[in-house]
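J.: Here's a structure for you.
In our numbering, the protein residues as written are 279 to 468.
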């Protein structure tokens with residue numbers, strides 16, 4: 279139950295916090311079309327990520343995660359073009375340092391098979407690539423727009439599952455995917 283709440287809550291709240299900070303603190307001024315794209319993104323994210331009405335026991339975890347997402351997006355948004363990829367590298371190192379004490383405490387249970395280690399490295403590399411692309415986007419676009427486009431990431435696994443694994447999606451997810459597509463077009467035009 280908690281997992282089905284954490285992802286939609288963190289996705290929606292993370293984008294909302296980032297946009298609010300971008301507008302209220304950094305002075306971003308998206309145009310009307312971009313605002314429409316932002317407005318379409320919120321329910322699209324909720325539906326694609328599997329959000330349901332009512333709070334679950336993972337709501338607090340989702341809110342904490344959204345704060346972390348927003349801080350990361352905002353911090354990367356403050357990096358200047360001259361900083362290169364160092365902000366992403368510093369963020370990845372910080373993430374490892376935060377997780378290291380817990381991993382050391384549970385070292386006996388953390389003896390994954392080599393294939394799992396390779397999968398973890400590939401997932402980490404994919405996350406780093408996503409952050410690099412976000413960093414490049416935010417250097418060329420308003421933070422409020424770049425962060426909303428980046429926040430549509432929950433749609434990707436759904437699309438991949440549909441296309442590659444021929445998974446079935448719910449009506450809510452279909453509506454969310456349609457909304458994500460519309461939001462992407464609006465944000466690109468706006």
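C-beta atoms are modelled at their ideal positions from N, C-alpha and C, and glycine is treated no differently.
The model shown is predicted, which means the values in this text are computed figures rather than measured ones.
Using only alpha-carbon positions, find the residue among 360, 458, 350 that is nearest to residue 320.
T.: Cα-wise, what sits closest to residue 320 is 458.
J.: For residue 281, count neighbouring Cβ atoms within 10 angstroms of its own Cβ and tell me buried if that reaches 16, exposed if not.
T.: Because the pLDDT at residue 281 is just 48, under 50, the model does not fix this residue reliably, and the point stays unresolved.
J.: Which term fits residue 379, buried or exposed, when burial requires 16 or more other beta carbons within 10 angstroms of its beta carbon?
T.: Looking at its Cβ environment, which holds fewer than 16 other Cβ atoms inside 10 Å, residue 379 is exposed.
J.: Report all residues from its chain with a CB closer than 7 Å to the CB of residue 343; omit the five preceding and five following residues, and keep chain order.
T.: Closer than 7 Å at the Cβ level, and outside the excluded window around residue 343, lie 284, 288.
J.: Looking only at its own chain, which residues have a Cβ that is under 6 Å from the Cβ of residue 300, when we skip the five neighbours before and after it?
T.: 306, 421, 422.
J.: Please report the distance separating the alpha-carbon of residue 279 from that of residue 335.
T.: With a pLDDT of 38 at residue 279, under the threshold of 50, the modelled position of that residue is not reliable, and the figure given next carries that caveat. So the alpha carbons of these two residues sit roughly 7 Å apart.
J.: Who are the Cβ neighbours of residue 381 in its own chain at under 8 Å, not counting the five residues just before and after it?
T.: The residues are 388.
J.: Jot down the residue ranges of each uninterrupted alpha helix (DSSP H) in the segment 383-450, minimum 4 residues, whole runs only, in chain order.
T.: Here the runs fully enclosed are 392-416, 421-428, 433-442.
J.: Alpha carbons only, please: which of 290, 367, 316 is nearest the one belonging to residue 467?
T.: If we check each option's Cα against that of residue 467, 316 comes out closest.
J.: For a cutoff of 7 Å on Cβ pairs, would you count residue 373 as touching chain D?
T.: In the displayed structure, chain D is absent; only one protein chain is listed.
J.: Identify whether residue 286 lies in helix, strand or coil by the three-state DSSP scheme.
T.: In this structure, residue 286 counts as helix in the three-state DSSP scheme.
J.: Shortest alpha-carbon distance to residue 367 belongs to which of 328, 393, 410, 456?
T.: If we check each option's Cα against that of residue 367, 410 comes out closest.
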